[in-house]
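S.K.:
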Amino acid sequence: TATGEVLTSDAHGLIHGATETLPPALFLRATTMTPDDSAIATFAAEAAAGMAGPLGALHALNVALHRRFPVDRDAPPQGADAARAFEQDRVTPCDLAHIFCVGARSLGIPARYVSGFAAWGGDRRGQAHCWAEAYVEELGWIGFDPSIGLSPQDGHVRVAVALDAT
Numbered sequence: 001t002a003t004g005e006v007l008t009s010d011a012h013g014l015i016h017g018a019t020e021t022l023p024p025a026l027f028l029r030a031t032t033m034t035p036d037d038s039a040i041a042t043f044a045a046e047a048a049a050g051m052a053g054p055l056g057a058l059h060a061l062n063v064a065l066h067r068r069f070p071v072d073r074d075a076p077p078q079g080a081d082a083a084r085a086f087e088q089d090r091v092t093p094c095d096l097a098h099i100f101c102v103g104a105r106s107l108g109i110p111a112r113y114v115s116g117f118a119a120w121g122g123d124r125r126g127q128a129h130c131w132a133e134a135y136v137e138e139l140g141w142i143g144f145d146p147s148i149g150l151s152p153q154d155g156h157v158r159v160a161v162a163l164d165a166t
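Take the sequence shown: its position 27, counted from the start at 1, is 27 in full-length UniProt numbering, and no numbers get skipped.
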């Protein structure tokens with residue numbers, strides 16, 4: 001058993017101080033877990049309708065996904081791609097991160113999958129968790145956690161980013 005301490009702060013989802021070696025445009029690519037999907041694209045377009053700029057569109061997508069899907073935090077990852085997960089009644093946080101990436105990319109916004117840990121409520125130990133980040137030109141990378149409908153908070157510890165979970 002290993003123990004340690006991680007100091008975090010709430011940056012309202014803005015990513016600061018991370019070394020970025022890959023261009024944001026790379027994160028517009030579809031993958032086997034985040035395939036282009038017309039149903040998700042339609043959902044994202046409807047959620048973003050009337051929003052001013054990409055940041056408003058991303059927040060609207062984040063909230064719309066949170067409202068649409070009950071989240072089962074204790075369910076094991078299903079291994080379903082975003083399109084199949086979007087057809088389900090309940091999803092995992094990892095499914096939602098994949099769906100968010102597909103939706104953001106369908107709006108022309110680079111998005112990536114984040115794996116890490118999150119501490120909920122009074123439990124500061126944290127558990128494995130997934131969310132997404134999207135790139136907004138004026139601001140850089142911004143985190144979105146559709147399982148809570150908000151940006152990552154001080155209880156989120158970012159460990160790795162990728163095109164998807166694989």
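Backbone N, C-alpha and C fix where the C-beta goes; we use that ideal spot for every residue, glycine too. Just so we're clear, the structure is a prediction, and the values are computed from it rather than from any experiment.
In three-state terms, what does DSSP make of residue 56?
M.R.: Stepping through the sequence shown from its first residue, residue 56 is reached at position 56. It is helical.
S.K.: Along the chain, which unbroken stretches of the alpha helix (DSSP H) at least 4 residues long are found entirely within the UniProt domain "Transglutaminase-like" (85-148)?
M.R.: As far as the UniProt domain "Transglutaminase-like" (85-148) is concerned, its whole alpha helix (DSSP H) runs of at least 4 residues are 93-106.
S.K.: Please report the distance separating the alpha-carbon of residue 162 from that of residue 15.
M.R.: Numbered from its first residue, the sequence shown carries residue 162 at position 162. Numbered from its first residue, the sequence shown carries residue 15 at position 15. Residue 162 and residue 15: Cα-Cα distance of roughly 15 Å.
S.K.: If you measure between the beta carbons of residue 109 and residue 134, is that distance less than 9 Å?
M.R.: By 1-based counting over the sequence shown, the position of residue 109 is 109. By 1-based counting over the sequence shown, the position of residue 134 is 134. Contact: yes.
S.K.: Could you check if residue 38 is buried or exposed, using at least 16 other CB atoms within 10 Å of its CB as the buried criterion?
M.R.: Here residue 38 corresponds to residue number 38 of the sequence shown, with the count starting at 1. With fewer than 16 Cβ atoms within 10 Å of its Cβ, residue 38 is classed as exposed.
S.K.: Is the region 39-51 close to the region 90-110, with three or more CB pairs under 8 Å?
M.R.: Contact between the region 39-51 and the region 90-110 is present, because at least three Cβ pairs lie under 8 Å.
S.K.: Pull the bridge partners of residue 150 from the DSSP assignment, please.
M.R.: For the purposes of this step, residue 150 is taken as the residue at position 150 of the sequence shown. 145, per the DSSP bridge assignment.
S.K.: Grouping DSSP H, G and I as helix and E and B as strand, with all else coil, what is residue 158?
M.R.: Counting from one through the sequence shown, the residue named residue 158 turns up at place 158. Of the three classes helix, strand and coil, the one that applies to residue 158 here is strand, per DSSP.
S.K.: With 16 other CB atoms within 10 Å as the buried threshold, where does residue 91 fall?
M.R.: Mapped onto the sequence shown, residue 91 falls at position 91. Looking at its Cβ environment, which holds 16 or more other Cβ atoms inside 10 Å, residue 91 is buried.
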